[in-house]
Each structure stands twice: as C-alpha cells, then as structure tokens.
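Student: Shown below is the structure under consideration.
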Amino acid sequence: MEKNLAMIKGILPINKPKDWTSFDVVNKVKHLLNIKKVGHLGTLDPMATGLLLVTIGKATKLFDFMQEKSKTYLATFKFGLSTDTLDITGKIVATSPNIPTRNEIESVLPKFIGDIEQVPPKYSAKSINGKRAYDLARENIDFELKPKIVKIESIDIVSYADGELTLNITCGSGTYIRSIGRDIATELNSCATMTNLVRTNIGKFSLKDSHEIDELDKTNIQDKILKIRDCLDLKVLDLDEKQTEKLLNGQVLNLNYPNGYYLLNSKEDACAILKISNFMAKMEIYLL
C-alpha cells in the first residue's frame, strides 16, 4: 500500500554505482519518491562503489547520530606511483622503483591502527578559508592541510600480488582511505595510489543487504525503506501517552533506565531519540 509521501521516513541502503556521485543517488531517490527531504549518511567519491545509506524524511536528522558508526572498506592500492588526487583518477605526480614485500607491509600496519594522525588529501571537501580544498587544488593554489586525529579499528591484508595491495579497513568517521595508502607507502619509502574502493559496512548495515539503484522504481521503492526503529541499535521504550507527550513537548522526565540513548516508540515508527542521564530523560532528536 502506498504511504502518504509527506509521512515517509526511514533509511534506504543503496549500492552506489561507480561514477555516480552520492548526490546523484540522492537525486534519483528524490525523483522516485517525489519528495525533497532526502539526504545520505557519509559521502562516497564517484570512483568508489558500495554501501550508501540514503535518509528520507525525518531520518535526515540522524546524520550526526550515525556519524559515530564504524565503517568498513575494501581498498586496493597500487605501489610505485602516486597521483595528485591519491587515487587512479588523478594525474601521476611521482613514481618509485621500490615495491615493498608483503612482510614489509605487515610490519608497518600496526602503526596505522588506533587513534592516528592523518593529513587529508588535497583533493577533498575540507574547507580552507571558506573554499573547498579540491577547488583550490584544481586552481593550482598552494595550501597546506593540517593533520587530524582519526580512529582506525583494524587493517587486514586481503591480497597482495604484483605490487597491488587490497586491505580490509574498519575505521571511524572522517577517515580518508586514500590517505592510508599514501602513508603506508611513505613509511616503506615508496608511493602508492588507490585504484579501487568499496564500502561494505556502516554500523549494523551491510552491503549485501543494499539495493541496486537501477532496480528501484516508483512502484517498489517505498517497500525498500527501512523504519528508523529497525535501523538503530537502541533499546525501544514504549511509554504511556502522557509520558510520550511530555517528552515530545521538550519536558524532562525521571525514568529508571541506565544512561544512554533510547528510541521512543510510536505506532508506525520511532518518534524520537531520547537521552537518559542520571535517570533524567529528555528528547534528543524529534522524528515526527
């Protein structure tokens, strides 16, 4: 049964095709649903493929909340050359005859696990005095990007042959996978560029559960949208009508639950995310 378009909310997992921007996918979903309030949880570069979580309606408010989720990637790097973009779409700016061995790579990987310092690529969306870094780079304007701390949970070698390395990387938000390849190569007195990138997981979401964009149409897309309460690893609270009304009106309630975030349930879907601290609950995100 077709839902009221104004009331649609939820998350749609998409397998982003190569050469599509994340914005292209969002526009496609907007067109199919004929609604304006559509976003996504974490950009993928056009050359990358894999899991893109498209947020619809009130689910667009989940961006900051979902940014805390770990992401997993399959990334392939080619040693012996580097490009200005740090991926294969860029212009070659350096080469190296030094191709490391698998043992050498394995010996340096522990240095890239944990909270590490990382310099973003110059071809990135970082803001420099109000302008995007990639715009400055395209205009050949000289600038420096400051390093930042990112969290790398794990790095495992999937394959290595003929100077081409594929890694399985699980990391926190804000990590640049291209920079990991650059920095591993630098540590080994070589250079490298990323040739392929697939995002396989975001939090509890897996690529295997995503939908192909060309299989969606106006007749089936609504049935693919996941309810918010089925998307978040949060305990669902079923409170009485009076308590629910107070919380949705911004009041604070005393609730005997441990500290943390909770979903406030309603008949159709979650209506709010609550935060409980010292048994005091207040609405954090309004979802109606």
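One gets the working numbering by counting positions in the sequence shown from 1 and adding 13 to each. No residue lacks a Cβ here, since even glycine has one placed at the ideal position from N, Cα and C. This structure is a prediction, so every number in the text was calculated from the model and none was measured.
Please go through the same chain and pick out, in chain order, the residues whose beta-carbon is closer than 8 Å to the beta-carbon of D230, but skip the five residues on each side of it.
Tutor: Same-chain partners within the cutoff: L45.
Student: Count the other CB atoms within 10 Å of the CB of M20; is the residue buried (16 or more) or exposed (fewer)?
Tutor: It is exposed - the Cβ of M20 has fewer than 16 other Cβ atoms within 10 Å.
Student: Determine contact between the region 194-207 and the region 92-106, defined as no fewer than three beta-carbon pairs at a distance below 8 Å.
Tutor: Output reads yes: the region 92-106 touches the region 194-207.
Student: R212 lies in the beta strand (DSSP E); which residues open and close that run?
Tutor: Residues 205-215.
Student: When burial is assigned at 16 or more other CB atoms within 10 Å of the CB, is S219 buried or exposed?
Tutor: S219 comes out exposed.
Student: Given that a residue counts as buried once 16 or more other Cβ atoms are within 10 Å of its Cβ, and exposed if not, what is K340?
Tutor: The shown model of the chain, from 14 to 301, leaves out residue 340, and the question about it has no answer.
Student: So is the beta-carbon of K248 under 8 Å away from any non-hydrogen atom of the ligand FMN?
Tutor: What this structure holds is no ligand at all, so the ligand FMN is not there to describe.
Student: Threshold first: 3 residues or longer. Then list the beta strand (DSSP E) segments lying entirely within the region 91-175, N to C.
Tutor: Listed in chain order, the complete beta strand (DSSP E) runs (minimum 3 residues) inside the region 91-175 are 94-96, 105-108, 127-131, 161-174.
Student: Since V67 is in the alpha helix (DSSP H), which residue starts that stretch and which ends it?
Tutor: Element bounds for V67: not the alpha helix (DSSP H) but the beta strand (DSSP E), 62-69.
Student: Could you tell me which residues DSSP puts in a beta bridge with F218?
Tutor: I215.
Student: DSSP three-state call for K304: helix, strand or coil?
Tutor: Because the chain in this structure spans residues 14 to 301, residue 304 falls outside the shown range and cannot be described.
Student: Classify V171 as buried or exposed, calling it buried when 16 or more other Cβ atoms lie within 10 Å of its own Cβ.
Tutor: Burial call: exposed.
Student: Let me know if P123 comes out buried or exposed under the rule of 16 or more other beta-carbons within 10 Å of its beta-carbon.
Tutor: P123 is exposed by the Cβ-count criterion.
Student: Compare the C-beta of L99 with all C-beta atoms of chain C and state if any pair is closer than 9 Å.
Tutor: Although the question refers to chain C, the structure presented lacks it and comprises just one protein chain.
Student: If we count the other Cβ atoms within 10 Å of its Cβ and call it buried at 16 or more, is N272 buried or exposed?
Tutor: Burial call: exposed.
Student: Any idea what DSSP makes of V51, helix, strand or coil?
Tutor: Strand at V51.
Student: Is the beta carbon of A138 closer than 9 Å to that of I241?
Tutor: For I241 and A138, no; Cβs fall outside 9 Å.
Student: Taking all protein chains shown into account, do 16 or more other C-beta atoms lie within 10 angstroms of the C-beta of P160, making it buried, or fewer, making it exposed?
Tutor: It is exposed - the Cβ of P160 has fewer than 16 other Cβ atoms within 10 Å.
Student: From Q80 to N202, what distance separates their C-alpha atoms?
Tutor: Cα to Cα, the separation comes out at about 34 Å.
Student: Apart from the five residues just before and just after K217, which ones in its own chain have a Cβ nearer than 7 Å to its Cβ?
Tutor: Correct list, in chain order: D246.
Student: Classify S192 as helix, strand or coil using the three-state DSSP reduction.
Tutor: The answer is helix: DSSP assigns S192 an H, G or I state.
Student: Exposed or buried, what is G143 when buried is set at 16 or more other beta-carbons lying within 10 Å of its beta-carbon?
Tutor: By the 10 Å Cβ count, G143 comes out exposed.
Student: Count the other CB atoms within 10 Å of the CB of P110; is the residue buried (16 or more) or exposed (fewer)?
Tutor: Flag for P110 reads exposed.
Student: So, does the region 288-296 touch the region 260-279, judging by three or more C-beta pairs under 8 Å?
Tutor: In short, these stretches touch, since the Cβ pair count reaches three.
Student: What's the gap between the Cα of I298 and the Cα of K255?
Tutor: Spanning the two alpha carbons is a distance of roughly 19 Å.
Student: Use the C-beta contact count for A174: other C-beta atoms within 10 angstroms, 16 or more gives buried, fewer gives exposed.
Tutor: Flag for A174 reads exposed.
Student: Would T56 be called buried (16 or more neighbouring beta carbons within 10 Å of its own) or exposed?
Tutor: It counts as exposed.
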